[in-house]
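In this note's numbering, the protein residues as written are 3 to 322.
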C-alpha cells in the first residue's frame with residue numbers, strides 16, 4: 003500500500019452565512035450541552051476560568067491533560083457519538099463562538115462542524131487545528147478506491163485520524179501549548195505531558211517489535227498512523243474508506259474475504275461506525291474473530307495515554 007506524508011493546507015473557510023447555519027442546524031430543547039473534560043477547577047478557586055472548547059472527546063482529554071486546572075475544557079461531540087455524522091446545535095455554536103480557544107482536528111473529520119468553526123473564527127475566536135501542526139498521511143491508498151463517501155474526506159484532505167498515534171500528538175504539542183498559553187494568558191509547560199507521550203510511544207513500539215508480523219483488518223481505514231508508527235500494515239477494512247459514512251460494495255467485501263484468507267488474518271478489528279452484522283458475517287465466513295477497538299471512544303480512560311495504551315493492548319492480545 004502506498005503511503006505518502008505531506009503537510010496539509012489550512013482549513014478552507016466555507017461560504018455559508020452564519021444565519022443560514024443557525025436556521026438549519028439548531029437542535030431542539032433536548033440538545034446535549036458541550037461536555038466538560040476533567041480535571042476540574044482547583045478547590046477554592048473563585049475566579050471564572052478561561053474556556054477551551056474542543057470538538058472531539060479524545061482531543062479534549064489531551065487538552066485537559068495539558069492545561070490541568072488552568073482552564074475549563076468543554077467537548078462539543080459527545081463521547082461515543084460518530085463524529086462523521088454529528089450535527090451541531092445552537093448551544094454548540096454558542097460555546098464555540100464564546101470560547102477563549104477552539105481546538106479542532108481538521109482534515110474534514112468534523113465535516114458537519116465546518117460552518118460553525120468558520121463562524122467562530124469570523125467572530126474572533128482563536129482556532130487551533132491540530133492537522134496544521136503535524137505530518138499528515140496521504141488519504142489516497144489501496145482502500146480508498148470506488149467507495150461511496152459523502153463525508154467530505156476528499157483525497158486532498160489527508161488521513162484525519164491523527165489522535166491514534168501518540169507520536170503525532172507529540173508533534174503538535176509545542177504549538178498547542180503556545181496556542182493555549184496565548185489564549186488564556188497563563189504559561190503552559192508541555193514538557194511533563196510530552197515526556198509521558200514519548201515514554202508511551204517507546205513502550206508500544208517495543209511491544210509491537212516483538213510480534214512476528216502485524217497485519218490489520220479494521221472497521222474502516224482508521225489505523226494508518228498507528229500502523230505506520232509501529233510496523234504494522236492495514237491489509238483491508240470492512241468499510242474501505244477513511245470515513246464511517248461510506249459504504250462497501252459486495253465486490254469489495256468479497257475482496258476483503260479473499261485478502262483475509264490469503265494472509266491468514268485471524269482478527270477483524272471493528273470500531274465505532276462499523277456495521278456489526280457485516281463484520282460478523284465476514285468473521286463467520288473466514289473463521290476470524292471480531293475484536294472491537296475503542297478508537298473513537300474515550301470511555302473510562304483517565305488520560306489520553308491510557309486511551310492509547312488500551313487500544314495497543316487489545317491489538318497485541320488479539321495478534322499474539
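By construction, the Cβ of each residue, glycine as well, lies at the ideal position given by its N, Cα and C atoms.
Simplified DSSP state of residue 217, which is helix, strand or coil: Counting from 1 along the chain shown, the entry for residue 217 is found at position 215. Three-state DSSP puts residue 217 in a strand.
Expressed to the nearest angstrom, what Euclidean distance is found between the alpha-carbon atoms of residue 219 and residue 290? If you number the chain shown from 1, residue 219 lands on position 217. If you number the chain shown from 1, residue 290 lands on position 288. One C-alpha to the other measures close to 10 Å.
With 16 other Cβ atoms within 10 Å as the buried cut-off, status of residue 187: Residue mapping note: residue 187 aligns to position 185 of the chain shown, counting from 1. By the 10 Å Cβ count, residue 187 comes out exposed.
Nearest-angstrom beta carbon gap, residue 275 and residue 86 [assumed within contact, 8 Å]: Here the question's residue 86 lines up with position 84 in the chain shown. Here the question's residue 275 lines up with position 273 in the chain shown. Indeed, because the Cβ distance is near 7 Å, the residues count as touching under 8 Å.
Residue 106 vs residue 170 beta-carbon contact at 8 Å: As a working note, residue 106 is residue 104 in the chain shown. As a working note, residue 170 is residue 168 in the chain shown. Contact: no.
Measure the alpha-carbon distance for residue 2 versus residue 67 and round it to whole angstroms. The question about residue 2 has no answer, for the chain in this structure spans 3 to 322.
Determine the DSSP secondary structure at residue 49, reduced to helix, strand or coil. Numbered from 1 along the chain shown, position 47 holds the residue referred to as residue 49. Three-state DSSP puts residue 49 in coil, outside helix and strand.
On the premise that residue 297 lies in contact with residue 235, defined as a C-beta separation below 8 Å, what is that separation, rounded to the nearest angstrom? Counted from its first residue, the chain shown places residue 235 at position 233. Counted from its first residue, the chain shown places residue 297 at position 295. With a Cβ gap of about 17 Å, residue 235 and residue 297 do not count as contacting.
With distances taken Cα to Cα, identify the nearest neighbour of residue 118 among 237, 141, 294, 88. The count along the chain shown starts at 1 and reaches residue 118 at position 116. Of the candidates 237, 141, 294, 88, the one whose C-alpha sits nearest the C-alpha of residue 118 is 88.
Starting from residue 271, trace the beta strand (DSSP E) in both directions and tell me its first and last residue. The residue you call residue 271 lines up with position 269 of the chain shown. Taken as a continuous stretch (DSSP letters only), the beta strand (DSSP E) holding residue 271 covers 269-272.
Local Cβ density within 10 Å of residue 251, reported as buried at 16 or more and exposed below that: Stepping through the chain shown from its first residue, residue 251 is reached at position 249. By the neighbour-count rule (16 or more Cβ atoms within 10 Å), residue 251 is not buried but exposed.
Counting only the same chain and skipping the five closest in sequence on each side, list residues whose C-beta sits under 6 Å from that of residue 129. One-based indexing of the chain shown puts residue 129 at position 127. For residue 129, where only same-chain residues beyond five positions count, the Cβ hits under 6 Å are 104, 123.
Note down, in chain order, each residue of its chain lying with its Cβ closer than 7 Å to the Cβ of residue 59, except the 5 sequence neighbours on either side. Indexing the chain shown from 1 puts residue 59 at position 57. Cβ within range, chain order: 77, 79, 81, 300.
Between the C-alpha atoms of residue 99 and residue 55, what's the straight-line distance to the nearest angstrom? Counted from its first residue, the chain shown places residue 99 at position 97. Counted from its first residue, the chain shown places residue 55 at position 53. Cα to Cα, residue 99 sits roughly 9 Å from residue 55.
Going by beta carbon distance, what residues of the same chain come within less than 6 Å of residue 203, once the five residues before and after it are set aside? In the chain shown, residue 203 corresponds to position 201, counting from 1. Cβ within range, chain order: 168, 169.
Below 8 Å on the Cβ atoms is my guess for residue 52 versus residue 73; work out the distance and round it to an integer in Å. Counting from 1 along the chain shown, the entry for residue 52 is found at position 50. Counting from 1 along the chain shown, the entry for residue 73 is found at position 71. Sure, about 5 Å apart at Cβ, within 8 Å.
Please classify residue 205: does DSSP put it in a helix, a strand, or coil? By one-based count along the chain shown, residue 205 stands at place 203. Here residue 205 sits in helix by DSSP.
Just verifying my parser: in three-state terms, what is the DSSP assignment at residue 228? Position 226 of the chain shown, counted from the first residue, corresponds to residue 228. It is helical.
Please go through the same chain and pick out, in chain order, the residues whose beta-carbon is closer than 7 Å to the beta-carbon of residue 287, but skip the five residues on each side of it. In the chain shown, counting from the first residue as 1, residue 287 sits at position 285. Once the five neighbours on either side are set aside, the close Cβ partners of residue 287 are 259.
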